[in-house]
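**Q**
Chains as they are written, first to last, in our numbering: chain R, 1 to 290; chain V, 291 to 580.
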């Protein structure tokens with residue numbers, strides 16, 4: 001009888017549990033959360049079969065563990081699981097938005113567990129908690145796996161199969177590239193959207209709300225994301241975010257200088273390149289979705 | 291028998307025609323487009339009742355005219371309508387994204403026509419053409435009217451009633467405030483999204499596409515917008531866009547400096563303010579939608 005333990009029964013943990021339930025990959029799904037109310041809510045919503053009252057006991061019988069907790073709590077939990085199940089570890093997956101800091105913390109506390117498959121589903125939401133969980137959250141979304149030299153190929157294969165079963169498309173890369181690319185595609189856009197929302201209410205006493213069309217609503221959706229979580233993500237991926245900011249900032253300056261100096265032909269050409277890049281991204285996304 | 295003439299049968303013109311048809315405000319809707327194929331397409335899609343072969347003739351019998359053409363062509367058309375129907379003008383509405391430049395061009399060519407009601411529906415799309423037209427395009431979206439001192443109150447009232455009948459919520463302000471606020475809520479986000487898309491394919495040979503989640507897709511949707519149209523909008527609203535860029539840029543620098551210097555508590559507080567602003571905007575939008 002195969003058992004899944006989900007540690008952290010929020011949006012991502014609850015969604016993974018629901019997706020696994022839908023495809024019947026596990027006979028039993030336990031949920032554990034340091035916030036017992038959250039675990040109970042996940043149980044009531046039918047996301048898990050039982051609330052694990054004791055973490056060690058649940059770990060002892062699990063075949064697979066999803067660690068879906070804030071990035072700064074991941075390494076300690078993975079270490080604890082490895083210690084509890086020394087020589088007989090379940091396959092352990094995480095969902096941390098930053099990989100370098102998690103892996104460094106884990107290495108600093110001992111050997112890299114061979115059954116740990118670091119991962120990151122690019123499928124969050126500005127919403128949080130099990131109330132927002134959705135069996136389809138990962139469908140057609142990238143899940144980035146960053147296996148380590150020590151990672152057991154069989155564990156990697158199992159993790160890959162489970163993630164694929166959620167409908168996600170699995171991408172494998174190394175941790176530094178992951179961290180740079182998510183700095184670019186996720187962390188920097190959050191920073192930009194936050195900075196935008198902190199300015200948008202200033203002119204004319206907040207009149208902007210009267211002028212907000214669908215473009216602005218989509219552009220700033222991610223600014224609704226949780227401050228504590230994003231403080232953590234941004235600070236754990238600080239160097240990569242700052243590097244991507246520099247690159248984007250140079251691009252921004254180029255646009256603004258052309259506009260400022262009335263070089264409208266060149267501005268239009270640059271807008272054309274940007275539009276083409278956007279259309280390529282959508283096309284590639286849709287091709288991947290199919 | 292009341293007749294509407296839509297000049298420019300693209301996304302906005304076609305959508306307005308469809309919305310008017312749905313609420314039965316006009317007995318007949320003519321469409322005119324300098325691109326005859328576009329007018330014929332609107333006819334085939336049932337957006338208009340007839341293609342006007344001759345602009346002057348169509349203007350001669352119209353009770354209302356919607357001028358839905360690029361911003362740099364609006365003033366000349368409004369002037370032409372006023373000349374054709376001297377002393378007996380239909381109510382004329384435009385949909386230009388910038389108001390100051392349109393009104394200045396109009397004033398430079400003669401008196402401000404009393405039956406012209408300048409307007410701007412905040413309901414575009416990155417898509418273009420009558421194929422994308424939708425009777426519900428304006429539903430729950432702001433339409434900004436910027437009446438002039440010369441504007442006939444009865445013409446303003448008619449324009450207000452028609453726009454309201456599309457499902458839009460009408461906001462009245464003056465042209466300078468309109469231009470500043472759309473620079474903030476629409477033009478600057480386009481510039482930022484364009485600059486982002488021009489950078490995003492650089493690192494690691496365009497690997498970003500593999501890492502693009504829903505956040506990035508929403509954040510950059512507006513970067514698919516038409517280059518020729520946006521060159522025009524940005525250049526016609528140059529000063530306001532640059533001023534808003536400076537404001538947002540100062541906010542951005544503040545976020546980046548806190549991140550760079552490891553002031554994570556203050557960073558989290560600033561993220562918290564931004565999140566609150568975003569939640570207020572959504573709440574206000576939803577309240578307005580109701």
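Quick reminder that beta carbons are idealized off the backbone N, C-alpha and C, glycines included. If you're wondering where the values come from, they're calculated on a predicted model, not measured in any experiment.
Any C-beta of chain R sitting closer than 8 Å to the C-beta of residue 479(V)?
**A** yes
**Q** Threshold first: 4 residues or longer. Then list the alpha helix (DSSP H) segments lying entirely within the stretch 383–415 of chain V, N to C.
**A** 390–398
**Q** How would you write the range of the beta strand (DSSP E) that residue 67(R) sits in, first residue to last?
**A** 64–67
**Q** I'd like to know whether the C-beta of residue 442(V) is nearer than 8 Å to at least one C-beta of chain R.
**A** no
**Q** Given residue 23(R), which residues of its chain have a CB within under 7 Å of its CB, disregarding the five upstream and five downstream residues?
**A** 165
**Q** Which chain R residues sit within Cβ distance under 7 Å of residue 250(V)?
**A** Chain V is shown only over 291 to 580; residue 250(V) falls outside these bounds and no answer can be derived.
**Q** Could you name the residues of chain R that residue 526(V) contacts, counting a contact when the two beta carbons are closer than 7 Å?
**A** Those within 7 Å of residue 526(V) in chain R number zero; the least Cβ separation is about 10 Å.
**Q** Just to confirm my understanding: we take residue 53(R), look at its own chain, exclude 5 residues before and 5 after, and list those with CB closer than 6 Å. What are they?
**A** none
**Q** Residues bridged to residue 466(V) by DSSP?
**A** DSSP output for residue 466(V) lists no bridge partner at all.
**Q** Enumerate in chain order the residues of its own chain whose CB-to-CB distance from residue 390(V) is below 7 Å, with the five nearest sequence positions on each side excluded.
**A** 465, 466 and 469
**Q** Mapping DSSP to helix, strand and coil, what is residue 363(V)?
**A** helix
**Q** Measure from the C-beta of residue 471(V) to each C-beta in chain R and report whether the shortest distance is under 8 Å.
**A** yes
**Q** I want to see whether chain R comes within less than 8 Å of residue 337(V), judged by CB atoms only; does it?
**A** Not a single C-beta of chain R is nearer than 8 Å to the C-beta of residue 337(V).
**Q** Excluding five sequence neighbours on each side, which residues of the same chain lie with their C-beta closer than 7 Å to the C-beta of residue 442(V)?
**A** 404 and 405
**Q** What is the DSSP secondary structure of residue 347(V), reduced to helix, strand or coil?
**A** Helix, per DSSP.
**Q** Examine the Cβ distances between the stretch 125–141 of chain R and the stretch 9–23 of chain R and report whether three or more of them are shorter than 8 Å.
**A** yes
**Q** From residue 325(V) to residue 490(V), what does the alpha carbon distance come to, in whole angstroms?
**A** 35 Å
**Q** Can you confirm whether the stretch 250–259 of chain R touches the stretch 470–488 of chain V when touching is taken to mean that 3 or more C-beta pairs between the two stretches lie within less than 8 Å?
**A** yes
**Q** Checking 8 Å against the spacing of the C-beta atoms, do residue 488(V) and residue 270(R) come in under that value?
**A** yes
**Q** Excluding the 5 residues flanking residue 143(R) on each side, which residues of the same chain have their C-beta closer than 8 Å to its C-beta?
**A** Contacts found: 119, 120, 121, 122, 123, 163, 166, 168, 169, 170 and 171.
**Q** Would DSSP call residue 323(V) helix, strand or coil?
**A** coil
**Q** Taking residue 75(R) as the reference, give the member of 45(R), 110(R), 90(R) and 140(R) with the closest Cα.
**A** 110(R)
**Q** Would the stretch 346–357 of chain V and the stretch 499–513 of chain V be scored as touching if the rule is three or more Cβ pairs under 8 Å?
**A** Touching, no, given that fewer than three Cβ pairs across the two stretches are closer than 8 Å.
**Q** Output, in chain order, the set of chain R residues within a Cβ distance shorter than 7 Å of residue 491(V).
**A** 277
**Q** Step through the CB atoms of chain V and report whether any lies within less than 8 Å of the CB of residue 281(R).
**A** yes
**Q** Residue 380(V) by DSSP, collapsed to three states: which one?
**A** coil
**Q** With residue 407(V) and residue 373(V) assumed to form a contact (beta carbons below 8 Å), what rounded beta-carbon distance in angstroms separates them?
**A** Not a contact, Cβ separation roughly 18 Å.
**Q** Could you check the C-alpha separation between residue 308(V) and residue 446(V) for me, to the nearest Å?
**A** 21 Å
**Q** Run through DSSP, which three-state label would residue 494(V) get?
**A** Residue 494(V) falls in the helix class under three-state DSSP.
**Q** Where residue 173(R) and residue 8(R) are concerned, what is the direct C-alpha to C-alpha distance, given to the nearest angstrom?
**A** 25 Å
**Q** Taking a contact to mean a Cβ-Cβ separation below 8 Å, would you say residue 291(R) touches residue 549(V) in this structure?
**A** Nothing in the structure corresponds to residue 291(R), since chain R is present only between 1 and 290.
**Q** Looking at C-alpha atoms only, which residue of 73(R), 6(R) and 91(R) is the closest neighbour of residue 49(R)?
**A** 6(R)
**Q** Let me see if you follow: with CB-CB separation under 8 Å, is residue 437(V) close to chain R or not?
**A** no
**Q** Quick check: the Cα distance between residue 289(R) and residue 450(V), rounded to an integer number of angstroms?
**A** The predicted model places residue 289(R) with a pLDDT of 44, which falls under 50 and marks its position as unreliable; any figure quoted below should be read in that light. Rounded to the nearest angstrom, the two C-alpha atoms are 43 Å apart.
**Q** Quick one: which chain R residues come within Cβ less than 7 Å of residue 454(V)?
**A** Residues of chain R passing the Cβ test: none, with the nearest at roughly 15 Å.
**Q** Let me know the beta strand (DSSP E) ranges lying completely inside the stretch 416–451 of chain V, each 3 residues or longer, listed in chain order.
**A** 432–435
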